[in-house]
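Working notes for the structure below.
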Amino acid sequence: MRTIDSRIDLDIAAARGSAPSLPSRLFQFAVRAMRTWRNRAAVNRLHDLDDWQLRDIGLERSDVKDALTSTFFADPGLHLTIASRERAQRYLRNGRRD
1 MRTIDSRIDL DIAAARGSAP SLPSRLFQFA VRAMRTWRNR AAVNRLHDLD
51 DWQLRDIGLE RSDVKDALTS TFFADPGLHL TIASRERAQR YLRNGRRD
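Numbering-wise (UniProt numbering), the sequence shown opens with residue 1 and increments by one.
In structure tokens form, the structure reads like this:
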């Protein structure tokens, strides 16, 4: 079993229970805030890559700039993931002529 599988099982189990308590909600908020902060730091490091390296991972410089100009509480990693997947889907849909 992969880690993702067990994580999904835990999420489903948590959803079945009663409403989370205040300390649990505060803890979840803190975890999300830390994850967002780490992702923002990682996206900042993407500025060090040149355009060819960004293109190799399915991104463009404008994607990185857009992710960093999003609101503070928005996860920039999620923004980049969506941008990269949409670009890959367009590439495959258009017959790989990109």
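Heads up, the beta-carbon is just placed ideally off N, CA and C, and yes, glycines get one too.
Small disclaimer: the values here were computed from a predicted structure and weren't measured.
Length of the line joining the Cα atoms of residue i and residue j
i, j, result
"Ser21", "Gln28", "11 Å"
"Tyr91", "Ser84", "11 Å"
"Gln53", "Glu60", "9 Å"
"Glu86", "Gly58", "9 Å"
"Asp75", "Gly95", "31 Å"
"Asn39", "Leu78", "9 Å"
"Arg93", "Ala19", "43 Å"
Boundaries of the alpha helix (DSSP H) in which residue i is found, first to last residue
i, result
"Ser84", "76 to 93"
"Leu26", "22 to 45"
Buried versus exposed, by CB contacts within 10 Å (16 or more), residue i
i, result
"Ala33", "exposed"
"Val64", "buried"
"Leu46", "buried"
Of the residues the options, the one placed nearest residue i, counting alpha carbons only
i, options, result
"Ala41", "Ile82, Gly95, Phe72", "Phe72"
"Ser62", "Leu80, Ala88, Arg38, Ser24", "Leu80"
"Val43", "Asp51, Ala67, Arg35", "Ala67"
"Ala88", "Leu49, Leu78, Arg55", "Arg55"
Three-state secondary structure assigned by DSSP to residue i
i, result
"Asp50", "coil"
"Ala19", "coil"
"Leu68", "helix"
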